[in-house]
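The letter at position 143 of the sequence shown is residue 142 when you use numbering that gives the first Met the number 0, and the numbering goes up by one with no holes. Beta carbons: idealized from backbone N, C-alpha and C, even for Gly. Values in this document were obtained by computation on a predicted structure and should not be read as measured data.
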Amino acid sequence: MMKLDNSGREAFASCPRKYFLSCICGLRPLQGSNALRYGSTWHAIMEGYYSAVKAGAKLSEAVQQALAYGRAIWELETQVHPEWEEDYRTLDTAGEALLAYIDEFQQTDVGSLEVKATEQSFFVEVGNNLGFFGRIDMRAVLDGIPFVVEHKTTGQSAALVAERLNRSAQIMGYTYAAKAMGLEVQGCLVVIHQVSCRRKADDTWGKQTIAFRRVPMVFTDSDLEAWRQSFTLTAEQITQCEARQCWPMQFDSCYRFGRCCYAPLCERHLSLDELQDKERPIPGFIRTTRDYLEPTLKRISNMKEAMYAKCKGC
């Protein structure tokens, strides 16, 4: 059975060569992405905070656990990539954002938000010999409505991002998966965290903008069936590329949101065998496995279990 997650689907839909380089060859740029590191850290912070809330922990304990989760992921991502060009998206910024998030939502969530699960892994069959897997950020009931919850970080306006995510394949897919598992969900609650800052003329950073927006998104059965058909088609195209050992470049994507991080590698025109050779160093890139996060995720899981045990004994 072929198994495909949203990251693989998104990479292939953007560019088959990008899928090959990232998902098959395991190649990642030497220089890390501040946006991706901050996003991963924020996801970990939210997991730490809400898993503590679910366990019935005190607010101070929830904050402490959230920061510990965030630091673990931040340090791992920093270690994986040898080169960084630091900006305003720091670990301290993530801590400030957590406090701002609590100020905005904690009081209104009391009595109206019930956390059902955090970081819930899933695997569902979506067609013949095809499985969809991934991890749902959270499931919760807000004001009596059961939702899949997805956290997003952005440097753009939260309102603009909310509009762009209205037909997000990831959000539709996670809603599909939850329903396929028999979970009671009526849609997806997208929680957008905006963090942005302008660079001054003297090359220093100005005042940061930290904002949040919760956007409920509800999909019909027809929407979810359309997602399934699209996902199945992408999987079929991946299978065809694998059979032919042909991973064409999608040139429309090279500069869609700035320069693709793999553009320098594509311009070298290395053979597929050279790119797949795990013993061959590729200047400017490192090789990782898909499970490089597992040791850190295990540490986080142990912290979560300790928090549940502590609160259960209270």
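With a cutoff of 8 Å on beta-carbon distance, G257 and V217 are scored as not near each other.
Scanning the stretch 77-125 from its first residue to its last, the whole alpha helix (DSSP H) runs of 4-plus residues come out as 90-108. In the structure shown, I72 adopts helical secondary structure according to DSSP, grouped into three states.
Only buried fits W73, as 16 or more other CB atoms lie within 10 angstroms of its CB.
If you look at T174, you'll find it in the alpha helix (DSSP H) that goes 168-179. For P15, the enclosing alpha helix (DSSP H) begins and ends at 15-18. By the neighbour-count criterion, in which 16 or more other beta carbons inside 10 Å mark a residue as buried, N5 falls on the buried side.
The way I'd put it, the stretch 240-251 doesn't touch the stretch 193-205; fewer than three beta-carbon pairs between them come closer than 8 Å.
Pairing T233 with T117, the inter-Cα distance amounts to about 28 Å.
Within the model, the alpha-carbon separation for R243 versus S229 is close to 21 Å. Positions of the alpha helix (DSSP H) runs, each at least 4 residues long and wholly inside the stretch 164-248, are given as 168-179, 220-243 in order along the chain. Q155 carries a coil assignment under DSSP once its states are collapsed to helix, strand and coil. Taken through DSSP and simplified to helix, strand or coil, L29 comes out as coil. DSSP places L269 outside any alpha helix (DSSP H), giving it a letter other than H or E. Here G257 is bridged, per DSSP, to R255. DSSP, reduced to helix, strand and coil, places E46 within a helical segment of the structure shown. Taking all protein chains shown into account, R279 has fewer than 16 neighbouring C-beta atoms within 10 Å of its C-beta and is therefore exposed.
Secondary structure of A139 (DSSP, three-state): strand. If you look at I285, you'll find it in the beta strand (DSSP E) that goes 284-286. As DSSP reads the structure, M0 sits in no beta bridge. The stretch 133-149 makes no contact with the stretch 77-92: fewer than 3 CB pairs, one atom from each, lie closer than 8 Å. The straight-line gap separating the alpha-carbon atoms of R227 and S59 is approximately 42 Å. About 46 Å separates the beta carbon of I281 from that of L112, a gap too long to meet the 8 Å contact definition. In this structure, the CA atom of S39 is about 14 Å from the CA atom of V194. In the structure shown, E149 falls within a strand segment according to DSSP collapsed to helix, strand and coil. With contacts defined as CB atoms closer than 8 Å, V189 and A161 qualify as a contacting pair.
Beta-bridge partners of I23 (DSSP): none assigned.
Take the alpha-carbon of R8 and the one of L20: they are about 14 Å apart.
About 6 Å separates the Cβ atoms of R138 and V147, confirming a contact at the 8 Å cut-off.
Sequence-distant Cβ neighbours of M1 in its own chain, meaning closer than 8 Å and more than five residues away, are N128, L129, G130, A234, I237, T238. One alpha carbon belongs to V184, the other to G283, and they sit about 44 Å apart.
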